[in-house]
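The sequence shown: position 225 = 225 (full-length UniProt numbering), numbered continuously.
Don't be surprised by glycine CBs; every beta carbon is placed ideally from N, CA and C.
Computed from a prediction, not measured in an experiment: that's the story for all the values here.
Notes follow the structure.
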Amino acid sequence: MTHKIAILGASGYTGAELVRLIATHPGMEIVALSGERKAGLPMAAVFPHLRHLDLPDLVKIDQIDFAGVDLAFCALPHATSQAVIKELPRDLKVVDLSADFRLRDPAAYEKWYGKPHAALELQKEAVYGLTEFYRDDIRNARLVAGTGCNAAAGQYGLRPLIAAAVIDLDDIVMDLKAGVSGAGRALKENLLHAELSEGFHAYAVGGTHRHLGEFDQEFSAIAGRPVEVQFTPHLIPANRGILVTTYLKGDPGRVHETLANAYEDETFIQVLPMGEHPSTRHMRGSNFVHVGVVADRRPGRAMVIVALDNLTKGSSGQAIQNANLMLGIAEEEGLMLAPCFP
């Protein structure tokens, strides 16, 4: 069976990544693509690397007939998503790639995103889309909220450790490096080549990054008490990739064993041998995650290092993994592409 797919916001990076992945997916067919500012254009004019594909032209969302659509990916900006999804047919399955439905508490959403949520009933309905940990809920969901790419990377290294109580929850420091595509395709002065290349810098320093809302929500729920991590992201002059190094207090051997056991049966998450650590260059364009554990020179301390591609496993690949579950397709379908190296 082939499922009919619409991609809303197909003119952005995550939209293009969805198209790239679905192009070889045997169970999905793209029947509608929206791009408000690019409406009327063929995808080849917006993304020439996709010109070999037979795709519908970009249209405005109100021009799409959703009667024949089984699932819509919503790759729209924050705040825009909730307004659009609120007007979609109630029987349409939706995977949202924005931040609009990630946080369950309306007060937390307002705190981190600066405005009240405008679709509270949908917010209650949404399932958090970290596939490996919400698989059963996602299968039965109508609306799935994709995680933040930074939030996904950080959680893969920490969730099993918090659940197993093998680390000090009050001594967690996360240092994250992210490629520039995570900031989206809109023109921004600080993302110009002359501003960004030949250096990198920290941003959202001191606990202001919005993905901290996801860390607070998820880690505290696992622990059964408030957990607040120290987190500093950095922007690096690379197109793709996230590498997060988390500094922990805990026995390195137990940390590695806990992660290896937790992910033993997971197709996309691979725990490296003790002492090895990953690189973003080995994840490029793939839905895989590499997790490494290294002992610190000080006894009782460890580093957990996680690498993934922010556009694939951190966003569009994760979205397809969730959509597969929602549509009753094998979870790995269309996602087994090997990373592109070098």
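* Asked: Enumerated in chain order, which unbroken segments of the beta strand (DSSP E) with a length of 3 residues or greater are wholly contained in the segment 237-263?
  -> 242-249
* **Buried versus exposed call for residue 266 [16 or more other C-beta atoms within 10 Å across all chains shown]** => exposed
* On a CA-only basis, which of 177, 223, 217 is nearest residue 201? Give me that one, please. => 177
* Asked: In chain order, which alpha helix (DSSP H) runs of at least 4 residues are fully inside the UniProt domain "Semialdehyde dehydrogenase NAD-binding" (4-141)?
  -> 13-22, 43-46, 80-86, 106-113, 120-125, 131-139
* **Buried versus exposed, by CB contacts within 10 Å (16 or more), residue 11** => So residue 11 ends up on the buried side.
* Asked: By how many angstroms is the C-alpha of residue 315 removed from the C-alpha of residue 289?
  -> Going from the Cα of residue 289 to the Cα of residue 315 covers about 13 angstroms.
* Drop a sphere of 10 angstroms on the beta-carbon of residue 310, count the other beta-carbons inside from all chains shown, and report buried for 16 or more, exposed for fewer. => buried
* Drop a sphere of 10 angstroms on the beta-carbon of residue 174, count the other beta-carbons inside from all chains shown, and report buried for 16 or more, exposed for fewer. => Result: buried.
* Asked: What is the DSSP secondary structure of residue 274, counted as helix, strand or coil?
  -> coil
* To do: Please check the pair residue 361 and residue 75, which I expect to be a contact at CB under 8 angstroms, by giving their CB distance rounded to whole angstroms.
  => With the chain running from 1 to 342 in the structure shown, residue 361 is simply not present.
* Identify every residue that forms a DSSP beta bridge with residue 302. => 248, 295
* residue 52: buried (16+ other C-beta within 10 angstroms of its C-beta) or exposed? -> exposed
* To do: Check residue 313 in the structure and name its three-state DSSP category.
  => Here residue 313 sits in helix by DSSP.
* Tell whether a beta-carbon distance below 8 angstroms holds between residue 158 and residue 319. => no
* To do: Tell me the start and end of each unbroken beta strand (DSSP E) in the segment 157-192 that is at least 3 residues and wholly inside, in chain order.
  => 173-178
* Secondary structure at residue 235, three-state DSSP: helix, strand or coil? -> strand
* Residues sharing a beta bridge with residue 230, DSSP -> 173
* Check whether residue 28 and residue 49 have beta carbons under 8 angstroms apart -> No; because the gap between Cβ atoms is not below 8 angstroms, this pair is not in contact.
* Put residue 204 into one of helix, strand or coil per three-state DSSP. => coil
* Asked: How many angstroms separate the CA atom of residue 120 from the CA atom of residue 69?
  -> 25 angstroms
* Asked: Between the Cα of residue 59 and the Cα atoms of 85, 170, 67, 31, which residue gives the shortest distance?
  -> 31
* So, residue 47 versus residue 16, is the Cβ gap smaller than 8 angstroms? -> yes
* Asked: Whose C-beta lies closer than 6 angstroms to the C-beta of residue 43 among residues of the same chain, with five residues either side of it excluded?
  -> 50, 55
* Asked: Taking buried to mean at least 16 other C-beta atoms within 10 Å of its own C-beta, is residue 214 buried or exposed?
  -> buried
* When we look at the beta-carbon of residue 208 and count the other beta-carbons within 10 Å, is it buried (16 or more) or exposed? -> Answer is exposed; the Cβ neighbour count stays below 16.
* Asked: Just checking, does the segment 267-279 make contact with the segment 188-207 on the three C-beta pairs under 8 angstroms criterion?
  -> no
* Keeping to the same chain, check which residues put their C-beta closer than 6 angstroms to that of residue 93; ignore five residues upstream and five downstream. => 71, 142, 326
* Asked: CB-CB under 7 angstroms to residue 220, same chain, minus the five flanking residues each way: which ones, in chain order?
  -> For residue 220, where only same-chain residues beyond five positions count, the Cβ hits under 7 angstroms are 226, 227.
* Asked: Leaving out the 5 sequence neighbours to the left and right, which residues in its chain are closer than 6 angstroms to residue 324 when beta-carbon positions are compared?
  -> 331, 333
* On the three-pair Cβ rule with 8 angstroms, is the segment 185-200 touching the segment 124-143? -> No, because fewer than three Cβ pairs between the segment 185-200 and the segment 124-143 fall closer than 8 angstroms, the two stretches do not touch.
* Give me the Cα-Cα distance between residue 308 and residue 340, rounded to the nearest whole angstrom. => 13 angstroms
* Asked: Thinking just about the alpha-carbon of each residue, which of 271, 111, 100 is nearest to the one in residue 255?
  -> Among 271, 111, 100, the Cα nearest to that of residue 255 belongs to 271.
* Where does residue 114 land, buried or exposed, given buried means 16+ other C-beta within 10 angstroms? -> Flag for residue 114 reads exposed.
* Asked: Which first and last residues belong to the alpha helix (DSSP H) in which residue 212 is found?
  -> Its alpha helix (DSSP H) spans residues 212-223.
* Look at the Cβ atom of residue 294, then the Cβ atom of residue 153, and state whether they are nearer than 8 angstroms. => no
* **C-beta contact flag for residue 230 and residue 172 at 8 angstroms** => yes
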